[in-house]
Ligand code: AMP
C-alpha cells in the first residue's frame with residue numbers, strides 16, 4: 002500500500018515523502034482511512050508503531066479542507082500525558098504540516114506561560130497540550146474551544162495511570178458536544194473502556210499487533226545479579242560490549258540520579274531524566290543522548306514514555322518494573338521497525354516475582370546469562386511459565402538492611418509526572434492468580 006492511495010492531498014504526501022517514509026505502517030493503513038471518514042476512532046497502538054502520523058496526517062487533511070483557526074480558538078486539541086510527548090507530537094505535526102497554511106502550537110507545564118499565551122492568541126489549527134497547563138491557560142481566558150472540531154487523547158492509558166482522569170473530565174466539559182474523538186492507547190484496559198464510554202460515539206476500533214507481545218526483533222536476556230553489584234555489572238556490560246546508546250530504567254528518580262553518577266564516575270557518559278529535572282535539563286539530556294554525546298540515559302518510566310528514538314539498540318532494566326505491562330512498553334523502545342535490539346534485565350533474587358509476572362504476561366521464559374565475577378550470592382530461582390505461585394526464597398538477613406525495598410514505599414500519586422517516586426502505586430498489579438491471564442487478554 003502507498004500513502005498516495007490513502008486520499009491524502011499533495012502537500013501532505015510531499016511532507017511524508019520528505020520524511021523518507023515509503024509506505025504506511027500497519028496502524029497508519031488502518032487509522033488514516035477511519036479518521037478521514039469523520040468517525041470517532043479508538044486505536045490500540047504503542048509508541049514506535051507510527052501512531053503519531055497515524056492520527057496527524059488525516060487530521061491535517063480534514064483541517065486543510067476547513068477555515069483557518071480564529072484568534073484564541075483551537076480546531077484540534079491533542080492531549081498528551083507528558084511534556085516530552087507533547088513536544089514530540091508537536092514536532093511531528095510541524096513536520097507533516099510544513100506545506101500547509103495551518104498553525105500548530107504546543108503548551109505544557111514547567112516552562113514560562115507568557116510565550117504560550119502569545120502564540121495561542123493567533124489561534125491554533127492544532128494545539129498539543131498536557132492537561133494541567135491547558136486548564137490553566139483556559140482559566141486565564143487565553144484559549145477558546147467554540148470552533149473545536151477534533152479531540153485526540155494520546156497515550157490515554159498513561160494519562161489514567163498518571164491520575165489525569167479529573168483533568169480530562171474537566172477539559173471535556175469545556176468542549177463543544179459535536180466533535181470527532183480519537184482515542185489512542187497502548188492497551189484497551191477496562192479503565193480505558195470506561196473512559197471511552199463517556200467520550201467516543203460508535204467508534205471504529207483499530208489495532209495492530211497484540212500490545213502484550215514483545216517484538217520479534219528484540220533479543221531479551223536476564224542477568225541474575227546481586228543488588229549491590231548491579232551498577233558494576235552494568236559498567237562491565239557497557240564497556241565489554243562497547244554499547245554506544247543505552248536507555249536504562251530505574252524505579253525511582255533518586256535511583257536514576259545515583260546510577261547516572263556511578264556510570265559517569267566510571268567514565269561512561271550518562272544523564273538522568275525524570276520528573277524532578279527542569280524542562281531544559283530534560284531536553285538537553287535527550288538531545289545529547291540522540292546525538293551520541295552521552296552513552297547512557299537513565300530514566301524512570303514516566304519520563305521515558307514517548308521518547309522518540311527510532312533505532313535504540315539497547316534497553317536495560319536496572320530495576321524491573323513493578324507492573325509487568327511496563328516491561329513490554331520499556332523494551333518496545335528497541336527492536337523497532339525491524340532493527341535488532343537488545344533488552345537486558347538485571348534481576349535480583351528479591352525481584353523474582355516481578356520476573357515471573359513478566360514471563361507469564363509475555364508467555365516466554367527469558368534466557369539467562371551469567372558473567373564471571375558477578376554470580377549472585379543469592380541465586381535466582383529457575384523460571385518456568387508455571388512458576389506463578391512460586392515465591393522467591395526468603396532473603397538472607399544480611400541483605401535485608403541494604404535493600405531499599407525494605408523501606409515503606411510512597412503511596413501517593415499527585416497526578417503529575419513530578420511525584421516523588423515515578424512508580425505508580427495506583428496501577429493495577431499483575432494478578433498472581435493463574436486464571437487471570439485470560440482476563441487480561443489484549444482486546445481489539
Ligand atoms: P511513533 O509511533 O508515532 O512514535 O513513531 C515512531 C517512529 O516511526 C517515528 O520516528 C516516526 O518518524 C517513524 N515513522 C512514522 N511513520 C513511518 C512510516 N510510515 N515509515 C517509516 N517510519 C515512520
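Residue numbers (the working numbering): 2 to 445. Glycine included, every Cβ here is placed at the ideal spot set by N, Cα and C. Source: prediction; values computed, not measured.
Is residue 31 close to ligand 1? I mean its beta-carbon at under 8 angstroms from any heavy atom of the ligand. One-based indexing of the chain shown puts residue 31 at position 30. Not so, every heavy atom of ligand 1 lies at least 8 angstroms from the Cβ.
Are the C-beta of residue 237 and some C-beta of chain B separated by less than 9 angstroms? Given the protein chain composition of this structure (a single chain), no chain B is represented.
Residue of 34, 148 and 133 minimising C-alpha distance to residue 167: Reading the chain shown from its first residue, position 166 is the one you call residue 167. Nearest option by C-alpha distance: 133.
Could you have a look at residue 392 and say whether DSSP puts it in helix, strand or coil? On the chain shown, residue 392 is found 391 positions in, with the first residue counted as 1. The predicted position of residue 392 is uncertain, since its pLDDT is 44 and thus under 50; a value taken from the coordinates is nonetheless stated next. Reduced to three states, the DSSP call for residue 392 is coil.
Check each candidate in 333, 357 and 226 and name the one with the smallest Cα separation from residue 371. Position 370 of the chain shown, counted from the first residue, corresponds to residue 371. If we check each option's Cα against that of residue 371, 226 comes out closest.
When DSSP labels each residue in this structure, what does residue 106 get in the three-state scheme? Residue numbering aside, residue 106 sits at position 105 when the chain shown is read from its first letter. It is a strand residue.
Please say whether residue 124 and residue 1 have beta carbons closer to each other than 9 angstroms? Here the chain comprises residues numbered 2 to 445, so residue 1 is not present and cannot be evaluated.
Nearest neighbour of residue 183, chosen from 45, 360, 100 and 15 [CA to CA]: For this step, residue 183 is matched to residue 182 along the chain shown. The residue with the shortest Cα to Cα distance from residue 183 is 45.
Sub-9 angstroms separation of residue 348 and residue 381 beta-carbons: Against the chain shown, residue 348 aligns to sequence position 347. Against the chain shown, residue 381 aligns to sequence position 380. Yes, the Cβ-Cβ distance between residue 348 and residue 381 is below 9 angstroms.
Is residue 363 close to ligand 1? I mean its beta-carbon at under 8 angstroms from any heavy atom of the ligand. The sequence position of residue 363 within the chain shown is 362, counting from 1. Checking the Cβ of residue 363 against ligand 1 gives no.
Following a CB-centred definition, is residue 208 positioned closer than 8 angstroms to any heavy atom of ligand 1? Here the question's residue 208 lines up with position 207 in the chain shown. Residue 208: no, Cβ never under 8 angstroms from ligand 1.
Which whole-angstrom value describes the C-beta separation of residue 24 and residue 2, a residue pair presumed to lie in contact below a C-beta threshold of 8 angstroms? Start at 1 with the first residue of the chain shown, and residue 24 comes out as number 23. Start at 1 with the first residue of the chain shown, and residue 2 comes out as number 1. With a Cβ gap of about 6 angstroms, residue 24 and residue 2 count as contacting.
Through-space distance from residue 192 to residue 289, alpha-carbon basis: Here residue 289 is taken as the residue at index 288 of the chain shown, counted from 1. Here residue 192 is taken as the residue at index 191 of the chain shown, counted from 1. The straight-line gap from Cα to Cα measures roughly 37 angstroms.
Restricting to Cα atoms, I'd like to know which of 190, 8 and 200 is closest to residue 38. As a working note, residue 38 is residue 37 in the chain shown. Minimum Cα distance to residue 38 is reached at 8.
Is any heavy atom in ligand 1 found nearer than 8 angstroms to the beta carbon of residue 89? Here residue 89 is taken as the residue at index 88 of the chain shown, counted from 1. The answer is yes for residue 89.
Can you tell me whether residue 302 is buried or exposed? The criterion is at least 16 other CB atoms within 10 Å of its CB, across all chains shown. Your numbering for residue 302 matches position 301 in the chain shown. So residue 302 ends up on the buried side.
Can you say whether residue 418 is buried or exposed, counting buried as having 16 or more other CB atoms within 10 angstroms of its CB? Residue mapping note: residue 418 aligns to position 417 of the chain shown, counting from 1. Because residue 418 sits at a pLDDT of 35, beneath the cut-off of 50, its placement in the model cannot be relied upon, and the following sentence gives the value as read from the coordinates. Residue 418 is buried by the Cβ-count criterion.
Can residue 24 be considered in contact with ligand 1, in the sense that its beta carbon sits closer than 8 angstroms to one or more heavy atoms? Within the chain shown, numbered from 1, the residue matching residue 24 stands at position 23. Because some heavy atom of ligand 1 lies under 8 angstroms away, the Cβ of residue 24 counts as near it: yes.
Per DSSP, residue 10 forms a beta bridge with which residues? The count along the chain shown starts at 1 and reaches residue 10 at position 9. For residue 10, which the question treats as bridged, DSSP gives no partner whatsoever.
Provide the residue(s) that pair with residue 206 in DSSP beta bridges, ordered along the chain. Position 205 of the chain shown, counting from 1, holds the residue named residue 206. DSSP lists 43 as partners of residue 206.
Just mark residue 5 as buried or exposed, buried being the case when its beta carbon has 16 or more other beta carbons within 10 Å. Residue numbering aside, residue 5 sits at position 4 when the chain shown is read from its first letter. Exposed, since its Cβ has fewer than 16 Cβ neighbours within 10 Å.
Beta-carbon within less than 6 angstroms of residue 264's beta-carbon, same chain only, minus the 5 sequence neighbours each way: which residues are those? Position 263 of the chain shown, counting from 1, holds the residue named residue 264. The residues are 271 and 297.
Quick check: the Cα distance between residue 170 and residue 135, rounded to an integer number of angstroms? Working through the chain shown from its first residue, we reach residue 170 at position 169. Working through the chain shown from its first residue, we reach residue 135 at position 134. Taking the straight line from one Cα to the other gives about 13 angstroms.
Any beta strand (DSSP E) of 3 or more consecutive residues that is wholly inside the segment 305-386: 315-318 and 342-348
To the nearest angstrom, report how far apart residue 344 and residue 122 are at their CA atoms. The residue you call residue 344 lines up with position 343 of the chain shown. The residue you call residue 122 lines up with position 121 of the chain shown. If you take the alpha carbons of residue 344 and residue 122, they lie about 45 angstroms apart.
Using the three-state DSSP reduction, which class does residue 220 fall into: helix, strand or coil? In the chain shown, counting from the first residue as 1, residue 220 sits at position 219. Correct three-state label for residue 220: strand.
Going straight from the alpha carbon of residue 176 to that of residue 49, what length do you get? Residue mapping note: residue 176 aligns to position 175 of the chain shown, counting from 1. Residue mapping note: residue 49 aligns to position 48 of the chain shown, counting from 1. One C-alpha to the other measures close to 30 angstroms.
Is residue 291 near ligand 1, with its Cβ less than 8 angstroms from a heavy atom? Taking the chain shown and counting its residues from 1, one reaches residue 291 at position 290. Checking the Cβ of residue 291 against ligand 1 gives no.
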